[in-house]
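Asker:
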Amino acid sequence: MQLDNGAGLIPPTEEGLREAGRLLREGEVVAFPTETVYGLGADARSSSAVEKVYAAKGRPSDNPLIVHIAELDQLAAIAEPPDDVSARLMAHFWPGPLTVVLPAKSGALSPLVTAGLATVAVRMPDHPLARRLIAAAGCPLAAPSANRSGRPSPTRAEHVAHDLAGRIAGVVNGGPTGVGLESTVVEVNDGCVYVLRPGGISAEQLREVHPRVETVAPETAEHAAAPRSPGMKYAHYAPQGELTLVAGPPKQTAAYIWKAAAEAAAQGKRVGLLTYAEHADVYASFPGLVQVCGSLADPASTARGLYESLRAFDEQAAEQIYAEAYPEHGLGAAIMNRLRKAAAGRVLTIG
Ligand code: TXA
Ligand code: MG
10 MQLDNGAGLI
20 PPTEEGLREA
30 GRLLREGEVV
40 AFPTETVYGL
50 GADARSSSAV
60 EKVYAAKGRP
70 SDNPLIVHIA
80 ELDQLAAIAE
90 PPDDVSARLM
100 AHFWPGPLTV
110 VLPAKSGALS
120 PLVTAGLATV
130 AVRMPDHPLA
140 RRLIAAAGCP
150 LAAPSANRSG
160 RPSPTRAEHV
170 AHDLAGRIAG
180 VVNGGPTGVG
190 LESTVVEVND
200 GCVYVLRPGG
210 ISAEQLREVH
220 PRVETVAPET
230 AEHAAAPRSP
240 GMKYAHYAPQ
250 GELTLVAGPP
260 KQTAAYIWKA
270 AAEAAAQGKR
280 VGLLTYAEHA
290 DVYASFPGLV
300 QVCGSLADPA
310 STARGLYESL
320 RAFDEQAAEQ
330 IYAEAYPEHG
340 LGAAIMNRLR
350 KAAAGRVLTI
360 G
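Mapping the sequence shown onto the UniProt record's numbering, position 328 (from 1) lands on 337, and the numbers just tick up by one.
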């Protein structure tokens, strides 16, 4: 089959999926859409295939990968039987944006997938193309987000092609993803659910299924009793410009951002701003690139557009970027987690 235009876009057709499945069975890496972000898939049982994932991404190999399955009956081959709480979470949220860390079945997966840990992170994505591709490949797929390490995760096939064209066998083109932020990663210990990475399923949603939920803040993860996500220690999602996250009452926040942006613009710097629909008017004559990313009334809309907004700052070569903080409940916790990482410590609280 001819892949289109050198970017390696594979059409989401029966034939395209068959071809992508064949490539995966032959040990190649293929990117594919999930409901959260695009993933970069490889046969999770094959070290030579998984090695290609780390190489294509430029990812440190001590950061383990999530294993994706299409059906519950694939679980027993890769993990030990889950505890009751994990089983309940899976029954409730799968397929969907929840990743559960379970004891790994020894010898079942390439040790590169788990980066030497005794546990494996498993998820069943809620995207028809992802499920059909896993079925076509006939094996569980190890798949991190399909971006170059350190770049915002891809929410469109074009983002994958931009970062990885020429480094991977192809990308199944499923259009824009739905959730826009990665899955929530949890691990259950002694009946308590520890959120290792906030994501598409909120802590509030988890609590509706099981009351004992603890969030492990990245800042304190180092000292937390629960095993933490190795991924937390890496800088992530950073745009090339310097992003400052500004929190506080709307008026004071806007006043601060206007003043700082005017000064930066006066110094000849290219300025960027991340704001939300309710505040767009305040920044009508802003001296730089304004990204209005969804609405404060609808966290799902902001989640969906966040990575694309961060990529837009790079495309416009924004040097000094200001981002307004987002209310931190529900999906807002995952939005703020990604913004804090993008800010790499530059977080200001005004007023
Ligand atoms: O939505 C998602 O989860 C996307 C799509 C493609 O499914 N995948 C994704 O994978 O975000 P990745 O590799 O970018 O993030 C995996 C996260 C990392 O923070 C990693 O440290 C953590 O899961 N993780 C993987 N295995 C783990 C384990 N055994 N114990 C604790 N954390 C683990
Ligand atoms: Mg990632």
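We treat Cβ as the ideally placed atom computed from N, Cα and C, and that holds for glycine.
Small disclaimer: the values here were computed from a predicted structure and weren't measured.
Quick check: what's the CA-CA separation for residue 236 versus residue 296?
Answerer: In the sequence shown, counting from the first residue as 1, residue 236 sits at position 227. In the sequence shown, counting from the first residue as 1, residue 296 sits at position 287. Confidence is the limiting factor: at residue 236 the pLDDT is only 39, short of 50, which leaves the residue's position unreliable, though a coordinate-based value still follows. Near 45 angstroms, if we compare the C-alpha coordinates of residue 296 and residue 236.
Asker: Tell me, to the nearest whole angstrom, how far the beta carbon of residue 85 is from that of residue 169; I am working on the premise that it is less than 8 angstroms.
Answerer: Here the question's residue 85 lines up with position 76 in the sequence shown. Here the question's residue 169 lines up with position 160 in the sequence shown. 31 angstroms between Cβ atoms; not a contact.
Asker: If you measure between the beta carbons of residue 281 and residue 250, is that distance less than 9 angstroms?
Answerer: Locating residue 281 in the sequence shown gives position 272, counting from the first residue. Locating residue 250 in the sequence shown gives position 241, counting from the first residue. It is a contact, given that the beta carbons lie within the stated cut-off.
Asker: Could you name the residues of the same chain whose beta carbon sits closer than 8 angstroms to that of residue 209, not counting the 5 residues immediately before and after it, in chain order?
Answerer: If you number the sequence shown from 1, residue 209 lands on position 200. Correct list, in chain order: 44, 45, 105, 106, 107, 188, 190, 191, 192, 193, 312, 340, 343.
Asker: Which first and last residues belong to the alpha helix (DSSP H) in which residue 346 is found?
Answerer: What you label residue 346 is simply residue 337 of the sequence shown in a count that begins at 1. Looking at the DSSP string, the run of the alpha helix (DSSP H) that includes residue 346 is 341-352.
Asker: Is the beta carbon of residue 148 less than 9 angstroms from the beta carbon of residue 54?
Answerer: Position 139 of the sequence shown holds residue 148. Position 45 of the sequence shown holds residue 54. It is a contact, given that the beta carbons lie within the stated cut-off.
Asker: Throw me the rounded Cβ distance for the residue 94 and residue 202 pair, which I believe falls under 8 angstroms.
Answerer: Residue numbering aside, residue 94 sits at position 85 when the sequence shown is read from its first letter. Residue numbering aside, residue 202 sits at position 193 when the sequence shown is read from its first letter. So it is a contact: roughly 6 angstroms between Cβ atoms.
Asker: So which of 42, 36, 47 has the shortest CA-CA distance to residue 57?
Answerer: Here the question's residue 57 lines up with position 48 in the sequence shown. The candidate whose alpha carbon is nearest that of residue 57 is 36.
Asker: Quick one: what does DSSP say residue 97 is sitting in, helix, strand or coil?
Answerer: Translated into positions along the sequence shown, residue 97 becomes position 88. In the structure shown, residue 97 sits in a helix (DSSP, three-state: H, G or I).
Asker: Output yes or no for whether 9 angstroms exceeds the beta carbon distance between residue 185 and residue 319.
Answerer: Stepping through the sequence shown from its first residue, residue 185 is reached at position 176. Stepping through the sequence shown from its first residue, residue 319 is reached at position 310. No, Cβ-Cβ distance for residue 185 and residue 319 is not below 9 angstroms.
Asker: Excluding five sequence neighbours on each side, which residues of the same chain lie with their C-beta closer than 8 angstroms to the C-beta of residue 204?
Answerer: As a working mapping, residue 204 is identified with position 195 in the sequence shown. Once the five neighbours on either side are set aside, the close Cβ partners of residue 204 are 193, 194, 195, 212, 215, 222, 223, 224, 225.
Asker: Under DSSP, the alpha helix (DSSP H) around residue 30 begins and ends at which residues?
Answerer: Locating residue 30 in the sequence shown gives position 21, where the first residue counts as 1. Where residue 30 is concerned, the enclosing alpha helix (DSSP H) stretches over 23-34.
Asker: Is any non-hydrogen atom of the ligand TXA found closer than 8 angstroms to the C-beta of residue 22, if you look at the structure I gave you?
Answerer: Residue mapping note: residue 22 aligns to position 13 of the sequence shown, counting from 1. No, the beta carbon of residue 22 sits no closer than 8 angstroms to any heavy atom of the ligand TXA.
Asker: Could you tell me which uninterrupted beta strand (DSSP E) segments, each at least 3 residues in length, are contained entirely in the stretch 274-354, listed from first to last along the chain?
Answerer: The stretch 274-354 contains these whole beta strand (DSSP E) runs: 280-284, 298-301, 329-333.
Asker: Using a Cβ-Cβ cut-off of 6 angstroms (strictly less than) and excluding sequence neighbours within five positions of residue 322, which residues of its own chain qualify?
Answerer: Here residue 322 refers to the residue found at position 313 of the sequence shown. Closer than 6 angstroms at the Cβ level, and outside the excluded window around residue 322, lie 248, 250, 281, 330.
Asker: Would you kindly work out how many angstroms separate the C-alpha atoms of residue 289 and residue 283, rounded to a whole number?
Answerer: In the sequence shown, counting from the first residue as 1, residue 289 sits at position 280. In the sequence shown, counting from the first residue as 1, residue 283 sits at position 274. Each residue's Cα considered, the two are about 10 angstroms apart.
Asker: Roughly how many angstroms lie between the CA atoms of residue 50 and residue 91, to the nearest whole one?
Answerer: As a working mapping, residue 50 is identified with position 41 in the sequence shown. As a working mapping, residue 91 is identified with position 82 in the sequence shown. Near 24 angstroms, if we compare the C-alpha coordinates of residue 91 and residue 50.
Asker: Excluding the five sequence neighbours on either side, which residues of its own chain have a C-beta within less than 6 angstroms of the C-beta of residue 183, listed in chain order?
Answerer: The residue you call residue 183 lines up with position 174 of the sequence shown. Cβ within range, chain order: 21, 42, 138.
Asker: Does the Cβ of residue 350 have 16 or more other Cβ atoms within 10 Å, making it buried, or fewer, making it exposed?
Answerer: Taking the sequence shown and counting its residues from 1, the one referred to as residue 350 is at position 341. Residue 350 comes out buried.
Asker: Counting only the same chain and skipping the five closest in sequence on each side, list residues whose C-beta sits under 7 angstroms from that of residue 292.
Answerer: Residue mapping note: residue 292 aligns to position 283 of the sequence shown, counting from 1. Cβ neighbours of residue 292 beyond the five flanking positions: 282, 284, 299.
Asker: Assuming contact is defined by CB atoms lying nearer than 9 angstroms, are residue 66 and residue 156 in contact in what I supplied?
Answerer: Position 57 of the sequence shown holds residue 66. Position 147 of the sequence shown holds residue 156. A contact, by the Cβ cut-off of 9 angstroms.
Asker: Which class does residue 68 belong to by DSSP, given the choice of helix, strand or coil?
Answerer: Sequence index remark: in the sequence shown, residue 68 carries index 59 (1-based). It is coil, neither helix nor strand.
Asker: Within 10 Å of its beta-carbon, does residue 199 have 16 or more other beta-carbons around it, so buried, or fewer, so exposed?
Answerer: Here residue 199 is taken as the residue at index 190 of the sequence shown, counted from 1. Exposed is the call here.
Asker: Cα separation between residue 326 and residue 219?
Answerer: Translated into the one-based positions of the sequence shown, residue 326 becomes position 317. Translated into the one-based positions of the sequence shown, residue 219 becomes position 210. Cα-Cα distance, rounded: 45 angstroms.
Asker: Is residue 191 near the ligand MG - that is, is its Cβ less than 8 angstroms away from at least one heavy atom of it?
Answerer: Along the sequence shown, read from residue 1 onward, the residue named residue 191 stands at position 182. True, at least one ligand heavy atom lies under 8 angstroms from that Cβ.
Asker: Using C-beta distances below 8 angstroms, list every residue in its chain close to residue 142, excluding the 5 sequence neighbours before and after it, in chain order.
Answerer: In the sequence shown, the residue the question calls residue 142 occupies position 133. Once the five neighbours on either side are set aside, the close Cβ partners of residue 142 are 26, 29, 30, 33, 39, 41, 50, 150, 181.
Asker: Quick one, are the C-beta atoms of residue 88 and residue 59 less than 9 angstroms apart?
Answerer: Your numbering for residue 88 matches position 79 in the sequence shown. Your numbering for residue 59 matches position 50 in the sequence shown. Taking 9 angstroms as the Cβ cut-off, residue 88 and residue 59 do not qualify as a contacting pair.
Asker: Going along the chain, which residues of its own chain have a beta-carbon closer than 6 angstroms to the beta-carbon of residue 110, five neighbours each way excluded?
Answerer: What you label residue 110 is simply residue 101 of the sequence shown in a count that begins at 1. Cβ neighbours of residue 110 beyond the five flanking positions: 128, 130, 196.
Asker: For the alpha helix (DSSP H) holding residue 137, just list the boundary residues, first then last.
Answerer: The residue you call residue 137 lines up with position 128 of the sequence shown. Its alpha helix (DSSP H) spans residues 137-146.
Asker: Quick one: what's got a C-beta closer than 8 angstroms to residue 120's C-beta in the same chain, skipping five residues either side?
Answerer: In the sequence shown, residue 120 corresponds to position 111, counting from 1. So the list reads 56, once near-sequence residues are dropped.
Asker: Taking the alpha-carbon positions, what's the residue 167 to residue 317 distance?
Answerer: Here residue 167 is taken as the residue at index 158 of the sequence shown, counted from 1. Here residue 317 is taken as the residue at index 308 of the sequence shown, counted from 1. If you take the alpha carbons of residue 167 and residue 317, they lie about 11 angstroms apart.
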